[in-house]
């Protein structure tokens, strides 16, 4: 639960423990009940584990994206990044889907499209984690894509995607994302 106290936004994560969310990847706790040492430290440990695992998830995501641009991608590895069901929102609308063979086919076509339009690199410029509770967070990722164009200079496009991530088991999974209008941006920059 998000509350405001003394001019600071706080997330009520567990009884008697309040987590501050300072718009950075660092975690700090303050307790509403003095002496609740174990709960506070258990929550800090949970949040640090989630942060570490979410960072590893997006390092894998970036590595898979790079491999896909070389035409060397294992679709089972891609699918492992996502929850069994997901939601996506763009200016074109909202879509829901399942992590199944159809998703793998759509992603494979998407990677082929990126290669066909000259995408040569996709790099993560930054990552910021905003916790929602001890199992969920929004991950704000800043990406940089580089495109090769025939007889023209390369194009570099920076953009952000906001991912919804759930961390229930051993590894976190992406269960949603919000992104801008990619096709319009690519047209405006002369990529397509």
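In my numbering, the protein residues as written are 31 to 222. The beta carbon of each residue, even a glycine, is placed where N, CA and C say it ideally should be. Owing to the predicted nature of the structure, the values given are computational and were not obtained by experimental measurement.
*asked:* Rounding to the nearest angstrom, what Cα-Cα distance links residue 85 and residue 104 in this structure?
replied: 21 angstroms
*asked:* Per DSSP, what are the beta-bridge partners of residue 178 in this structure?
replied: Paired residues: none, contrary to the question.
*What's the call for residue 53, buried or exposed, on a 16-neighbour Cβ count within 10 Å?*
No answer about residue 53 holds up, because its pLDDT of 45 lies below 50 and its placement is not dependable.
*Please state whether DSSP places residue 222 in a helix, a strand or coil.*
coil
*Proximity test, residue 165 beta-carbon vs the ligand ATP heavy atom, cut-off 6 angstroms*: Absent from the structure shown: the ligand ATP. Ligands present: none.
*Just the Cα atoms here: how many angstroms apart are residue 95 and residue 201?*
19 angstroms
*Tell me the start and end of each unbroken beta strand (DSSP E) in the segment 146-180 that is at least 3 residues and wholly inside, in chain order.*
149-161 and 166-177
*On the DSSP bridge assignment, give the partners of residue 91 in chain order.*
Paired residues: none, contrary to the question.
*Within 10 angstroms of the Cβ of residue 62, are there 16 or more other Cβ atoms? Answer buried if so, exposed if not.*
Only weak support is given to the placement of residue 62: the predicted model assigns it a pLDDT of 44, under 50, and the value that follows is read from those uncertain coordinates. Residue 62 comes out exposed.
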